[in-house]
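Number 464 in the numbering used here belongs to position 39 of the sequence shown; there are no gaps in the numbering.
Where is the CB? At the ideal position from N, CA and C, for every residue including glycine.
Just so we're clear, the structure is a prediction, and the values are computed from it rather than from any experiment.
Everything on this sheet refers to the single structure shown next.
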Amino acid sequence: MTNFVPDTLLTPPEQEFVPMEQTLYVKKAPGAAGKHLSTALRERMQADNKRFWAGDNISDYVAESDREHLINEATEAFEQVLDALLIDRENDPNSRGTAHRLAKMYYNEIMAGRYEPAPDATAFPNDSADRYEGMLVVRSELRSMCSHHHQPVSGVAYIGILAANKLIGLSKYTRIAQWCSRRGTLQEELCNDIAREIMKATDAKDVAVYVQAVHGCCENRGIMAHSSLTQTTVLKGAFQTDQSTKKEFFDNIKLQQEFAPR
Ligand SMILES: [Zn+2]
426 MTNFVPDTLL TPPEQEFVPM EQTLYVKKAP GAAGKHLSTA LRERMQADNK RFWAGDNISD
486 YVAESDREHL INEATEAFEQ VLDALLIDRE NDPNSRGTAH RLAKMYYNEI MAGRYEPAPD
546 ATAFPNDSAD RYEGMLVVRS ELRSMCSHHH QPVSGVAYIG ILAANKLIGL SKYTRIAQWC
606 SRRGTLQEEL CNDIAREIMK ATDAKDVAVY VQAVHGCCEN RGIMAHSSLT QTTVLKGAFQ
666 TDQSTKKEFF DNIKLQQEFA PR
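Spelled out as structure tokens, the structure:
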């Protein structure tokens with residue numbers, strides 16, 4: 426830059442030139458220079474101020490093609506955990522592939538909702554003269570995991586909605602609920618997440634979500650309470666302000682529970 430001589434034919438003599446303070450970055454191959462891909466991705470999210478808590482979806486940062494590489498990194502890390510727990514993973518036939526099984530299970534199953542983009546929920550217009558005006562209550566089976574202890578959480582979500590201008594396929598409610606739950610969650614947050622994503626997919630403002638679940642962290646450890654059930658409710662719009670709407674929602678849940686006890 427210091428040796429730069431401007432072309433006198435193109436630039437007036439009084440024109441000043443200063444070097445640009447710019448650095449050129451070249452994308453490294455994953456794992457290059459001894460850096461883990463997971464480290465590089467975490468740094469990228471930190472730089473973007475992107476939150477990556479156990480219950481957050483980070484699919485914008487994790488490409489499908491990165492998955493295998495990340496599973497291999499997690500396998501190595503789980504091997505270290507098993508070693509630290511003094512489990513003979515070389516000779517114990519049942520522990521031999523465990524680190525890899527754990528890594529795959531986290532990425533592809535119990536935390537899949539963090540890495541996969543939102544389910545495609547095509548909306549259909551509900552604006553004809555005889556449009557559906559009533560309440561819809563969908564029951565969705567949930568499998569989740571508490572972010573405190575990584576213990577299983579299992580239960581059901583009842584999603585209530587007053588028909589708005591858009592309708593989505595019935596199975597989409599469950600797909601959205603499961604996408605939200607397959608992460609490390611707190612039940613209170615999960616209930617909020619489902620309500621928010623349903624509102625986003627349907628443009629509806631009247632949405633209610635009731636979740637009841639049993640928590641492995643209360644059943645298998647700690648207080649060892651085997652029949653404890655946790656219930657959470659989020660009420661939006663008319664479900665919150667209109668008592669008869671709220672009552673209809675809970676009456677529907679009771680009918681559903683009589684139909685298929687849960
Ligand atoms: Zn827990």
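- Annotation: the stretch 561 to 632 contains the following complete segments of the beta strand (DSSP E) (minimum length 3 residues), in chain order: 577 to 587, 591 to 593.
- In this structure, R564 and Q681 form a Cβ contact; the two beta carbons are roughly 5 Å apart against a cut-off of 8 Å.
- In its chain, beyond the 5 residues on either side, T500 have a beta carbon closer than 7 Å to the beta carbon of H525.
- Remark: the shortest separation between the CB of C642 and any heavy atom of ligand 1 falls under 6 Å.
- Apart from the 5 residues on each side of it in sequence, E673 sits with its Cβ closer than 7 Å to the Cβ of M560 in its chain, given in chain order.
- A straight-line Cα-Cα distance of about 12 Å links T610 and F477.
- Remark: C-beta atoms of R608 and G538 approach each other more closely than 7 Å.
- The three-state secondary structure of H494, taken from DSSP, is helix.
- Annotated three-state conformation of Q637 is strand, per DSSP.
- When secondary structure is reduced to three states using DSSP, F442 falls in the coil class, being assigned neither helix nor strand.
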